[in-house]
Amino acid sequence: MKHLQNKAVLAFPPLAIAFVWGASALNPKPAPSPELKPTLQKKFTYAEDIAPLLNNHCVQCHRPGEVAPFSLIGYENAKKWSAMMAQVTESGQMPPWKAEPADVEYKDNFGLSDEQRKMLKAWDEAGAPRGDKSKEPAPPTFGKDWALGKPDLLVQMPYEFELGPEGQDEYWNFVIKPDIKEPVWVQAMDVKPGNKTVVHHVIAFTDKKGRTEKLINGNRGDKRAGYLTTGGGVGFMPDGSMGGWAPGVAASKLPDDAGFLLEPGTDIVLQIHYNKSGKVEKDRTQIAFYYNKSEKAEKKVDIAWIANPLINIKAGDSNAKFTQRFKLPAAIEIYNVMPHMHLLGRSMTAWAVLPDGKKIKLVDVQDWDFNWQLVYTLKKPMVLPRGTELIVEASFDNSKDNPFQPHNPPVDVRWGEETTDEMMLLVAAYSVVK
Ligand code: HEC
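Residues 45 to 478 in this note's numbering are what the sequence shown lists, from first letter to last.
1. Identify whether SER135 lies in helix, strand or coil by the three-state DSSP scheme.
2. By the DSSP assignment, the alpha helix (DSSP H) with ASP158 in it spans what residues?
3. Count the other CB atoms within 10 Å of the CB of PRO237; is the residue buried (16 or more) or exposed (fewer)?
4. From what residue to what residue does the alpha helix (DSSP H) around THR250 run?
5. Below 8 Å, is the gap between the Cβ of ASN239 and the nearest heavy atom of the ligand HEC?
6. So, with DSSP's three-state summary, where would you put ASP93?
7. On a CA-only basis, which of HIS101, ILE378, LEU198 and VAL293 is nearest ALA332? Give me that one, please.
8. With LEU259 as the anchor, note down where its alpha helix (DSSP H) starts and where it stops.
9. Is MET128 near the ligand HEC, judged by its Cβ being under 8 Å from some heavy atom?
10. Give the straight-line distance between the Cα atoms of THR250 and ALA127, rounded to the nearest whole angstrom.
11. With H, G and I counted as helix, E and B as strand and the rest as coil, what does DSSP make of LYS236?
12. Closest by CA to VAL228, which one among GLU307, ARG107 and ASN363?
13. For the beta strand (DSSP E) containing LYS124, name the first residue and the last one.
14. Taking the alpha-carbon positions, what's the MET382 to VAL409 distance?
15. What are the uninterrupted segments assigned as alpha helix (DSSP H) that are 4 or more residues long and contained completely in the region 296–330, given in chain order?
16. Going straight from the alpha carbon of LYS365 to that of ALA473, what length do you get?
17. With DSSP as the reference, label LYS179 as helix, strand or coil.
18. Check whether the region 423–432 and the region 314–321 are in contact - that is, three or more C-beta pairs closer than 8 Å.
19. Could you check how far apart the C-beta atoms of VAL436 and ILE350 are, in whole angstroms? I think they sit under 8 Å.
20. Going by beta carbon distance, what residues of the same chain come within less than 8 Å of ASP301, once the five residues before and after it are set aside?
21. When you measure from the CB of LEU298 to every non-hydrogen atom of the ligand HEC, does any distance come out below 8 Å?
22. Does the beta-carbon of GLU461 have 16 or more other beta-carbons within 10 angstroms, so that it is buried, or is it exposed?
23. Measure the C-alpha to C-alpha separation of GLY389 and LYS179 and round it to an integer number of angstroms.
24. So for MET385, helix, strand or coil by DSSP?
25. If you measure from the CB of PHE280, is any heavy atom of the ligand HEC nearer than 8 Å?
26. In angstroms, rounded to a whole number, what distance separates the CA positions of ALA191 and LYS151?
27. Can you find at least 3 beta carbon pairs, one from the region 203–216 and one from the region 266–275, that sit closer than 8 Å?
28. So, using beta-carbon positions, are GLY360 and ASN442 closer together than 9 Å?
29. Nearest CA to the CA of SER157: which residue from HIS451, TRP141 and ALA182?
30. What residue ranges within the region 332–363 form continuous alpha helix (DSSP H) runs of no fewer than 4 residues, ordered along the chain?
31. Would the beta-carbon of VAL419 be found less than 8 Å away from any heavy atom of the ligand HEC?
32. Quickly, what does DSSP pair TRP229 with across the bridge? List them, please.
33. Should VAL219 and THR274 be called a contact, given that it needs their Cβ atoms to be closer than 9 Å?
34. Verify whether the separation of the beta carbon atoms of ALA348 and MET385 is less than 9 Å.
35. Please list, in chain order, all residues of the same chain as VAL235 whose beta carbon is under 7 Å from its beta carbon, the five residues on each side excluded.
36. At the level of alpha carbons, what is the spacing between PRO195 and GLN137?
Structure follows, in structure tokens:
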């Protein structure tokens, strides 16, 4: 599991490195696989082949202060990790881009092609040569504070929250009253977790009717503006959502003619899924909003949830399949898609079937990993006419052989909000086409 592993690696860096080195010292390197021979005619070097690959696919997370436990910037780091990089890219564990090619193109796609995976392997097998140092590209630069620059509106949790050391994950909801005097079109949202060790993911919901007050003052509330829920929902039917954040999700701007319309008096309910770390942790997460100031802003974006709440995954079934269909009552423009399942989820594929019968694959995840709740943004927003049918198919592995299986022995699992329950949900940002 990402967070567990994350911590293990962080806590014992010498051990992790010793393991990688020790492993390659103990096992003589296997001979290069036959299908690699042709590509080996070219000798890959760090300077010309590997550094550009790492810069484009890995260092956004593998750099100091980011979510990955070690940096892959610079030759020394790349060489040190070459064997492990070959291994985890071949297995598909890294990079954690899970979407297979579909009938749409995605923005900021950091997935690797088979050629690139083979290149990492061949480079490692050749002893990770550096090549001509003068040809090494400079690592990309990252905005120091916020990737999209200075926010138009910066809000934060109303107080520094203290999370207990042990026990189940907790879902806390914090109510933020943005200080705005007139409606604004929000074109992008970015999140800076106050404590990366425990913040697992964040979703911003909206509440126009002050319905959180009762919840805050209830018995699972904390009078300083936060309250606990069991996950999934926020304790009432929110008016909308502005999307979410999880490690590895890069902030992305909506097109110039679109935005989430945020009006004065609307509260933002920030739901944070916390993992426990073994000690008391403090968090004060911040949210940056970027306004769409273009005259063209007119498309009101909202978040749709296409769910199958009737899933019933039988104990022991290693390939339980479910389908959910939804016919669009109006034409929409769709901006992104985010599959969501819990620990038993294995695959999710979604199509749009247009009224003329044309079938468009929107997203296809075949190796679901609960730890990577990625949002796949379409390079070009797509218009889906009224009457289009969205079809979502998902499969779950509820056998004892699923390494993420939370129950021993497996039990029947249904829809629910705890991590050990399941969900089958396709989340999408859209606007209605007028
Ligand atoms: C979106 C963020 C992200 C990107 C992009 C990413 N990584 Fe990682 N990587 C992580 C995190 C977090 C971990 C630690 C936890 C884990 O293994 O999931 C990790 C772990 C690793 C490990 C150690 C695996 C282990 O089992 O200990 C290697 C090696 C690695 N990454 C290589 C790469 C390479 C090579 C790329 C690019 C091709 C890449 N990563 C891209 C976030 C990322």
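Ideal Cβ positions, reconstructed from N, Cα and C, are used throughout, including at glycine.
In brief:
1. The answer is helix: DSSP assigns SER135 an H, G or I state.
2. That run of the alpha helix (DSSP H) goes 158–169.
3. Label assigned to PRO237: buried.
4. Note, THR250: premise wrong, no alpha helix (DSSP H); beta strand (DSSP E) at 243–251.
5. No.
6. Here ASP93 sits in helix by DSSP.
7. Comparing Cα positions, the closest option is LEU198.
8. Run containing LEU259: 256–261, per the alpha helix (DSSP H) assignment.
9. It does: the Cβ of MET128 is within 8 Å (strictly closer) of some heavy atom of the ligand HEC.
10. Taking the straight line joining both Cα atoms gives about 46 Å.
11. Of the three classes helix, strand and coil, the one that applies to LYS236 here is strand, per DSSP.
12. Considering only GLU307, ARG107 and ASN363, the residue with the shortest C-alpha distance to VAL228 is GLU307.
13. Here LYS124 belongs to no beta strand (DSSP E); instead the alpha helix (DSSP H) covers 119–124.
14. Each residue's alpha carbon lies about 10 Å from the other.
15. If we require 4 residues or more, the region 296–330 turns out to have no alpha helix (DSSP H) run fully inside it.
16. In this structure, the straight-line span from the alpha carbon of LYS365 to that of ALA473 is close to 25 Å.
17. Under the three-state reduction of DSSP, LYS179 is assigned to helix.
18. The region 423–432 vs the region 314–321: no contact.
19. Contact between VAL436 and ILE350 holds: their C-beta atoms lie close to 6 Å from each other, under 8 Å.
20. Excluding sequence neighbours, ASP301 sits near SER338, LYS340, ALA341, GLU342 and LYS343.
21. The ligand HEC has no heavy atom closer than 8 Å to the beta-carbon of LEU298.
22. Residue environment for GLU461: exposed (fewer than 16 other C-beta atoms within 10 angstroms of its C-beta).
23. Cα to Cα, GLY389 sits roughly 44 Å from LYS179.
24. Coil, per DSSP.
25. No, the ligand HEC has no heavy atom inside 8 Å of this Cβ.
26. So the alpha carbons of these two residues sit roughly 15 Å apart.
27. With the cut-off at 8 Å, the region 203–216 and the region 266–275 touch.
28. Between GLY360 and ASN442, the CB-CB gap stays under 9 Å.
29. The residue with the shortest Cα to Cα distance from SER157 is TRP141.
30. With a minimum length of 4 residues, no continuous alpha helix (DSSP H) run stays inside the region 332–363.
31. Not so, every heavy atom of the ligand HEC lies at least 8 Å from the Cβ.
32. Looking at the DSSP assignment, TRP229 forms a beta bridge with LEU305.
33. Against a cut-off of 9 Å, the Cβ pair of THR274 and VAL219 comes out as no contact.
34. Cβ distance not < 9 Å, so ALA348 and MET385 don't count as in contact.
35. Around VAL235: VAL246, TRP289, THR329 and ILE331.
36. If I take the Cα positions, the gap works out to 33 Å.
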